[in-house]
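Notes to accompany the following structure.
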């Protein structure tokens, strides 16, 4: 299994836990962080701002999707570099992160975003985050980002997911999607037809793999937004929403949010993209980055 595949598996596991969070009101949890006993930034690098002691971690820098990025520790989570071992690997327990520079390649990371405000979650001022996360039509969106590889950069990358869904599987009827004529919020609709013989209920209301599918296409006809939403009768039936950002940075973005927010899917894409591009703008204005770029050009 490659590192990209492992990172994708880890993120899918995080999505699964988040789905449970959205529908079952769990207790707050923490994901494992990269362990380090040394300063992960270049010498003489100063932590931005006067933060309380609990938030004195250095800022996070590196290259994501071909672009240099700069984030603060209290807004992003699950940052994985190219040399970060999997939490399931034996090296994880004794791993010490090397000093990080803007040349350190980030493979994946995530953060929470508030749909109502368009702002990223700041763990220094969590307020009612956990309570709001479990209320109907929760405004909180989990954003996962993965640096694109060559295959992910292809214009037909998201087409492969739809093509797989449309493959007829006689032995697995709950996995076979068909297109219907109705659209919703400007999105093409695909559903799993038929009834589960065990329950007598439609597949699409019974099974996780039979969630409703929504597709947006670009001008060339390729899938640009791939969204699956649950029909479960829960406070926040989850939508899993994938799209690519190729303007200034090359990444694939996965959103997880309440289906009651699907009507604003285009705004959700823009809000998350704006935050990610903000990381690149912060890096562009960082004196450390400016100096290192100047040295590289000499």
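In mature numbering (1 follows the signal peptide of the UniProt record, and there is no 0), the protein residues as written are -24 to -1, 1 to 274.
From the three backbone atoms N, C-alpha and C, an ideal C-beta is built for every residue, glycine too.
In this text, all values refer to a predicted model and were calculated from it rather than measured experimentally.
{"Item": "Give every residue of the same chain whose Cβ lies closer than 6 Å to the Cβ of residue 42, excluding the five residues on either side of it in the sequence, and list them in chain order.", "Value": "226"}
{"Item": "DSSP has residue 325 in a bridge; who is on the other side?", "Value": "The structure shown does not extend to residue 325, since the chain is modelled only from -24 through 274, so no value can be given for it."}
{"Item": "Within the same chain, show all residues whose beta-carbon is closer than 6 Å to that of residue 275, passing over the 5 residues directly before and after it, in chain order.", "Value": "Because the chain here runs from -24 to 274, residue 275 falls outside it and cannot be looked at."}
{"Item": "Straight-line CA distance for residue 107 to residue 214?", "Value": "17 Å"}
{"Item": "Would a C-beta distance cut-off of 8 Å place residue 94 and residue 121 closer than the cut-off?", "Value": "no"}
{"Item": "For the alpha helix (DSSP H) holding residue 257, just list the boundary residues, first then last.", "Value": "241 to 260"}
{"Item": "Can you name the residues that DSSP bridges to residue 116?", "Value": "90"}
{"Item": "My assumption, with CB atoms under 8 Å, is that residue 47 sits in contact with residue 83. Please give the rounded CB distance.", "Value": "Their Cβ separation, rounded to whole angstroms, is 15 Å, which puts residue 47 and residue 83 out of contact at 8 Å."}
{"Item": "Need the endpoints of the beta strand (DSSP E) that residue 158 sits in, please.", "Value": "154 to 160"}
{"Item": "Under the DSSP definition of a beta bridge, which residues are partnered with residue 238?", "Value": "Beta-bridge pairing links residue 238 to no other residue."}
{"Item": "Please confirm whether residue 113 and residue 216 have their CB atoms less than 8 Å apart.", "Value": "no"}
{"Item": "Among 202, 183 and 198, which residue has its Cα nearest to the Cα of residue 190?", "Value": "202"}
{"Item": "Comparing alpha-carbon positions, which option in 263, 252 and 265 lies nearest residue 40?", "Value": "252"}
{"Item": "Let's see if you can read the secondary structure: which residues bound the beta strand (DSSP E) around residue 50?", "Value": "Careful: residue 50 lies outside any beta strand (DSSP E) and carries neither H nor E."}
{"Item": "If you compare alpha carbons, which of 81, 151 and 211 is closest to residue 168?", "Value": "151"}
{"Item": "Looking at the secondary structure, which residues open and close the beta strand (DSSP E) in which residue 200 lies?", "Value": "199 to 205"}
{"Item": "For the beta strand (DSSP E) holding residue 189, just list the boundary residues, first then last.", "Value": "188 to 193"}
{"Item": "Does DSSP put residue 71 in a helix, in a strand, or in coil?", "Value": "coil"}
{"Item": "Using a beta-carbon distance below 8 Å, is residue 215 in contact with chain D?", "Value": "Absent from the structure is chain D; it holds one protein chain and no more."}
{"Item": "Under the rule that 16 or more other beta-carbon atoms within 10 Å means buried, what is residue 259, buried or exposed?", "Value": "buried"}
{"Item": "Decide if the stretch 191 to 201 is in contact with the stretch 132 to 148; the criterion is three or more beta carbon pairs, one per stretch, under 8 Å apart.", "Value": "yes"}
{"Item": "Give the secondary structure of residue 133 by DSSP, where H, G and I count as helix, E and B as strand, and everything else as coil.", "Value": "coil"}
{"Item": "Cα-Cα, which of 116, 161 and 257 is closest to residue 212?", "Value": "116"}
{"Item": "Residue 64 by DSSP, collapsed to three states: which one?", "Value": "coil"}
{"Item": "Taking the beta carbon of residue 91 as the centre, do at least 16 other beta carbons fall within 10 Å, making it buried, or is it exposed?", "Value": "buried"}
{"Item": "Would you mind working out which of 140, 221 and 88 sits nearest residue 233, comparing C-alpha positions?", "Value": "88"}
{"Item": "So, helix, strand or coil for residue 45, using DSSP?", "Value": "strand"}
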